[in-house]
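I have placed the structure first, in the form of structure tokens, so that the comments after it can refer back to it.
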Amino acid sequence: MLDLNKGRPLGDFGSQLLYAPYAAAPKDLHPRSTMFGLPNSATIPWGVARDTNGIEYCFCREMPGYVSVGCWLMSNEGGEGMLMLPTMAGLWSGGLAITEEDDAIIWRSTDSYSGATPKFYASFDGTTMIWREGDLLDLRAQGATTGYQIYEPTHSQGLFNFTLKLEGTIVGVPVEGWMGFNSHFQKPGVNYRISEMVIGKQLLVWMDIANTFADGSWEAGPIMVGRDGMGVACITDSNGKVSFSRDVKCAFELDEDDFPRRLTFTYRDAVTGEEVTRIWEQKPAARMTDQPKMAPHLRYKRSAEGICLRKGENRELRHGSAWPEFQADERLAHFATQV
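Residue numbers for the sequence shown, in the numbering used here: 30 to 368.
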């Protein structure tokens, strides 16, 4: 009999990544939640927003269990790439009090135990996410798409993510954009950064596309490409249309220091049979140069905020975001032989 407490794979499925739409409930974000028999290793809200002057902001907070060691906040205001804002030193680092109230999950910094207004507050009720940190972040995001669920069976890891349309203020400046919210589930002792997906060199690129257009329409969803059968694209839009494939190929162009400059994804839509091409291009001054310097274990990660649009797209873009988890090492050469 399979002991689910050991985090063993539930099946092999030919090393294929399994994917399905997934509507996350607040209880799924609790540290005690499980998926595929695996415990929650971290919940991570992240996002990209832009102010009326075109300045971009990127933010991310990792919450493993009942603690968060901090949040980073970047901006390209100086025109030299996405650099850490000095004000991010005021973001909460420490313990979290996590409760379930009125069908919502709520995170509060533990300074709230004294009755003070918490320096960090977040809540999610299944459709709306609120995130407040004093004058630095005051964000409200509402669900626009059905989330997705991924299970990589051979190496016992899974995750879900969903995308929300965002508005609010960052460092007091009004912004709009997109927020992603994901949870990772892995066998005990493993997290995403030291998983087979990353350190094991299985993943090449993973990003969530999120575009809003001047006519009010939008599209959002993941594209993931890697080794050993890892690959999926599933883009949903405001009309309810789904463009889906499990066979995704990628041609990549890099700039200096191995940052992605242009990524061309091709796949056959499993619903219509149509050949689809999507092109990701780096935004100006959008290289996230500080991450590998800040964390040596991320030395292969070369991220840059960008825009990914379907080839031939003629709608006027209002705001686009596509921030790839891109791994630039010898796995690139391996992958190039597969396409």
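For every residue, glycine included, the Cβ atom is placed at its ideal position computed from N, Cα and C.
Given the structure is predicted, the values throughout are model-derived calculations rather than measurements.
Ranked by Cα distance from Lys340, the first of Thr139, Ala314 and Glu304 is Glu304.
Around the CB of Ile238, 16 or more other CB atoms lie within 10 Å, so the residue is classed as buried. For the pair of segments examined, the region 93-105 was found not to touch the region 232-246: the number of CB pairs separated by less than 8 angstroms stays below three.
At least 8 angstroms separates the beta-carbon of Trp309 from that of Pro251. Residue burial is scored here from C-beta neighbours: Ser272 has at least 16 other C-beta atoms within 10 angstroms and is therefore classed as buried. Across the set Ala351, Glu345, Val254 and Leu338, the C-alpha of Ala351 shows the shortest separation from the C-alpha of Ser332. Here Pro147 is not near Asp154, since their CB atoms are 8 angstroms or more apart.
Looking from the CA of Thr306, the closest CA among Lys278, Ala314 and Arg328 belongs to Lys278. Under DSSP, Pro289 forms a beta bridge with Leu283.
Distance between Phe65 and Gly108, taken at the CA atoms: about 44 angstroms. Around the beta carbon of Ile199, 16 or more other beta carbons sit within 10 angstroms, so the residue counts as buried. For His59, no beta strand (DSSP E) run applies, since DSSP gives it neither H nor E. For the pair Phe214 and Met158, the CB atoms are not nearer than the 8 angstroms cut-off. Judged by their CB atoms, Gly76 and Met208 are nearer to each other than the 8 angstroms cut-off. The beta carbons of Leu233 and Arg360 sit about 6 angstroms from each other, so the pair counts as a contact at 8 angstroms.
Burial state of Ala315 is buried, judged by a 10 Å Cβ sphere holding 16 or more other Cβ atoms. Distance from the CA atom of Asp257 to the CA atom of Tyr142, rounded to whole angstroms, is 48 angstroms. Taking 8 angstroms as the cut-off, the beta carbon of Thr192 is found no closer than this to the beta carbon of Ala52. DSSP assignment within the region 87-144 yields the following whole beta strand (DSSP E) runs of 3 residues or more, N-terminal first: 100-104, 123-130 and 133-138. With a beta-carbon spacing of about 5 angstroms, Gly197 and Arg169 fall inside the 8 angstroms limit used to define contacts.
In the structure shown, Arg307 falls within a strand segment according to DSSP collapsed to helix, strand and coil.
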